[in-house]
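In this text, residue positions in the sequence shown follow this note's numbering: the first is 2, and each later residue adds one.
Note that the Cβ used here is the ideal one computed from N, Cα and C, for glycine as well.
This report refers to the structure that appears directly beneath it.
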Amino acid sequence: MSQGQSGSGISRVKIFIAVVVIFAAGILFAGLFNVGLSATNEMEFCTSCHSMQVNLEELQETIHYKNASGVRATCADCHVPKPFVPKMIAKVLAYKDVLHEFLGTIDTKEKFDQHRWDMANRVWDKMRASDSRECRSCHAWETMDLSEQDRMARNRHSSARDQGMTCIDCHKGIAHEEPDEPDVEEDVAEK
């Protein structure tokens with residue numbers, strides 16, 4: 002009987018050690034995962050690709066980059082959702098940006114501009130689908146003091162709110178150059 006007890010004692014010790022090791026590995030993984038997520042949300046990471054220099058230069062000329070309040074919107078503030086599942090989807094889908102960097106699809110301003118309309122529309126469609134969720138993390142109807150806005154902004158914001166419009170319906174090109182809509186005739190000729 003003593004052998005059975007010592008055998009089960011060893012089993013309990015092994016189970017305890019296994020649980021501790023798994024728990025420690027989980028904490029380590031979670032920590033590294035968070036560090037990785039945080040690092041890939043930094044402006045330096047986002048603009049480390051040559052093709053993103055065009056976007057950075059445009060952003061640096063806007064009120065979202067330099068303003069009286071000193072609050073700066075970074076790439077992640079506008080392009081990476083805060084909720085976990087949408088954030089993970091955005092991170093996974095970002096592979097295409099890396100792919101196009103390696104393929105050289107958008108590695109010059111000229112190539113970037115050739116694709117700007119399609120890229121911008123994909124971003125705008127995502128923003129519309131989320132009711133401009135990322136914009137609203139800073140700009141919410143509830144916190145806007147319309148009486149502090151000039152008459153035109155006050156009227157437009159009031160009307161937009163009443164009509165259920167979302168930020169991107171009016172504020173395209175707020176942080177990056179708004180692309181020209183391609184001529185339909187040119188598109189048909191190219192096909």
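Quiz prompt | Rounded separation between Thr63 and Lys173 - CA only | solution = 13 Å
Quiz item: Does the beta-carbon distance from Asn42 to Ala74 come in below 8 Å?
Solution: no
Self-check item: Outcome for His177 when other beta-carbon atoms lying within 10 angstroms are tallied against a minimum of 16
Solution: buried
Quiz item: When you compare only the Cα positions, how much space is there between Ile16 and Val22?
Solution: 10 Å
Exercise. Work out the CA separation of Ala19 and Ser3 for me, nearest whole Å.
Key: Here Ser3 scores only 48 on pLDDT, less than 50, and its place in the model should not be relied on; the value that follows carries that caveat. Taking the straight line joining both Cα atoms gives about 24 Å.
Quiz item: Mind checking whether His116 and Thr109 have CB atoms under 8 Å apart?
Solution: no
Practice problem: Please list, in chain order, all residues of the same chain as Gly5 whose beta carbon is under 8 Å from its beta carbon, the five residues on each side excluded. | Solution: Because Gly5 carries a pLDDT of 48, less than 50, the predicted location of this residue cannot be relied on, and the following value inherits that uncertainty. Cβ within range, chain order: n/a, list empty.
Exercise. Verify whether the separation of the beta carbon atoms of Glu182 and Trp118 is less than 8 Å.
Key: yes
Quiz item: Just curious, the alpha helix (DSSP H) that Glu111 is in, first and last residue?
Solution: Lys110 to Ala130
Quiz item: When we look at the beta-carbon of Cys136 and count the other beta-carbons within 10 Å, is it buried (16 or more) or exposed?
Solution: buried
Exercise. Give the straight-line distance between the Cα atoms of Ser148 and His80, rounded to the nearest whole angstrom.
Key: 30 Å
Quiz prompt | Buried versus exposed, by CB contacts within 10 Å (16 or more), Phe113 | solution = buried
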